[in-house]
Amino acid sequence: MKTIQRIVAAIDFSVYSPKILESAAGIAERNSAEIVAVNIINKRLFESIQKEFDDDHLCVFSLDKFILDETRRRTENLQDLLAKWVPKQIATRIIIRGGVPFEEILKVVDEEGADLIVVNSKGRTNFQDYMYGTTSEKIFAHSPVSILSLNLRTW
Amino acid sequence: MKEINKVMACVDLSDYSKMTVENTVAIVRGLTAEIILYNVIDSRDIDYLKNVGPHFPGGFKVENYLERVKAERQQAIEEMIKKHFPEDKERMSILIDVGVPFDAILKTIIAEKIDLVVIASKGKSNLIGTLFGSNAEKVFRHSTVPVLSVRSRERFSQKR
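Those protein sequence lines, which keep their order, are chains H and Z.
No gaps in the numbering here: position 99 of the first sequence is 107 in my numbering, and each next residue is one more.
No gaps in the numbering here: position 2 of the second sequence is -13 in my numbering, and each next residue is one more.
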């Protein structure tokens, strides 16, 4: 019989993130699995900042420092979220990386040998007319493991 | 996710169906949720038979065909439960409908007040190189309730 041992929760700090953690926690608790909360710093974000700084020759932008600071900030936020929504007895880990979100999430899934990914069908790109987030769509297309998509909507 | 009381597992009796039910059982482990095994007889087949039926020697009744197929599928699903999931037998029920698969699935989600849909990423339309099924994708896109898209590493890497 199949068991679930490791769950990757894709967290983007949108309004849906608490719900993702909540349902991942439910499944993790009943299967005594571990939760790996993943957040990706979008490559587009730091590339655009880099470009702004390159145009402005007076100051220097340190990419490494930016990613370090951002990782620290996001780790704290994620710890708060985990403390709030995941019961203490469940093992959790936090992974924060820079890159293209869906690629990095799938890489984490491979490296960790996860059995399940929990995502929402939408996250940060919140156009009313778009039913689907582009990231979750790509995860759906390329993931080798099962996906739980919550399909929560705010309207 | 709020309380999960009713889960629908879409079984099309393809190679992936056993995996689908396995995942369903894993997700609801420890809950008292009811599991509905759902199968759709594609109305495309029915339409086709309606067209060619009159040309059969001795005639051909679509109603009889439907009844036969329904009974066959019911039996196949029951056998699968008996063989692989005897301990969850009590909470499983079987539902077979006629329609366009993804449309029927979406309608049943609302009619039966389903809390979670489980579907394999592909099923019957098993073209090599097609990563996921057209029905699975449509359900994934349009469902109003959480969807668990089932796949396995071994199967997924076989794609080429």
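Idealized CB from N, CA, C, for every residue including glycine.
Residues near residue i in its chain [Cβ-Cβ closer than 8 Å; skip 5 each side]
| i | result |
| --- | --- |
| H:ALA33 | ILE43, TRP93, VAL94, PRO95 and ILE98 |
| Z:GLN60 | none |
| H:ASN39 | THR11, ILE12 and GLN13 |
| H:LEU158 | TYR24, LYS27, ILE28, SER31, VAL126, VAL127, ASN128 and SER129 |
| H:ILE147 | ALA18, PHE110, ILE113, LEU114, ILE125, VAL127 and ILE155 |
C-beta neighbour in chain H for residue i, strict 9 Å
| i | result |
| --- | --- |
| Z:GLU97 | no |
| Z:GLU19 | no |
| Z:LYS86 | Note that residue 86 of chain Z is Pro in the sequence shown, not Lys. Output row for Z:PRO86: interface = no. |
| Z:SER137 | yes |
| Z:VAL130 | yes |
| Z:GLU64 | no |
| Z:LEU91 | no |
| Z:GLU48 | no |
is_contact[residue i, chain Z] using C-beta, thresh 9 Å
| i | result |
| --- | --- |
| H:THR143 | no |
| H:ASN39 | yes |
| H:ILE35 | yes |
| H:LEU158 | yes |
| H:PRO152 | yes |
| H:SER31 | yes |
| H:VAL23 | no |
| H:ILE57 | no |
| H:ILE48 | no |
| H:ILE43 | no |
| H:ILE12 | yes |
Beta-carbon proximity of residue i to residue j, cut-off 9 Å
| i | j | result |
| --- | --- | --- |
| Z:ALA(-6) | Z:LEU34 | no |
| Z:VAL124 | Z:LEU91 | yes |
| H:ALA45 | H:ALA17 | yes |
| Z:LEU133 | Z:ILE12 | yes |
| H:ILE48 | H:ILE113 | yes |
| Z:ILE81 | Z:ARG53 | no |
| Z:LEU16 | Z:ILE62 | no |
| Z:VAL102 | Z:ILE95 | no |
| Z:TYR50 | Z:ILE31 | yes |
| H:VAL127 | H:THR142 | no |
| H:LYS51 | H:GLY106 | yes |
| Z:VAL(-4) | Z:MET65 | yes |
| H:ILE35 | H:ILE15 | yes |
Beta-carbon proximity list for residue i, same chain, < 6 Å, skipping 5 on both sides
| i | result |
| --- | --- |
| H:GLU30 | TRP93 |
| H:SER25 | ILE19 |
Own chain residues within Cβ distance below 7 Å of residue i, not counting five before or after
| i | result |
| --- | --- |
| Z:PRO86 | VAL25, ASP27 and ASN120 |
Proximity test, Cβ basis, 9 Å: residue i and chain B
| i | result |
| --- | --- |
| Z:SER134 | No chain B is part of this structure, whose protein chains are labelled H and Z. |
Near-chain Z residues of the region 59 to 88 of chain H - C-beta to any C-beta below 8 Å | none
Residues within the region 8 to 40 of chain Z neighbouring chain H, beta-carbon criterion of under 9 Å | Among the residues of the region 8 to 40 of chain Z, those with a Cβ less than 9 Å away from any Cβ of chain H are ASN8, VAL10, ALA11, ILE12, VAL13, ARG14, GLY15 and LEU16, in the order of the chain.
Note down, one range per segment and in chain order, each beta strand (DSSP E) of at least 3 residues found wholly within the region 90 to 151 of chain H.
-> 100 to 107 and 124 to 127
Members of the region 94 to 120 of chain H that neighbour chain Z once the beta carbon cut-off is set at 7 Å = none
Entirely enclosed alpha helix (DSSP H) segments - the region 11 to 38 of chain Z, minimum 4 residues | 28 to 37
List in chain order: all unbroken beta strand (DSSP E) runs of 3+ residues lying wholly within the region 65 to 97 of chain Z.
-> 77 to 84
Note down, one range per segment and in chain order, each alpha helix (DSSP H) of at least 4 residues found wholly within the region 19 to 53 of chain H.
-> DSSP assignment within the region 19 to 53 of chain H yields the following whole alpha helix (DSSP H) runs of 4 residues or more, N-terminal first: 25 to 39.
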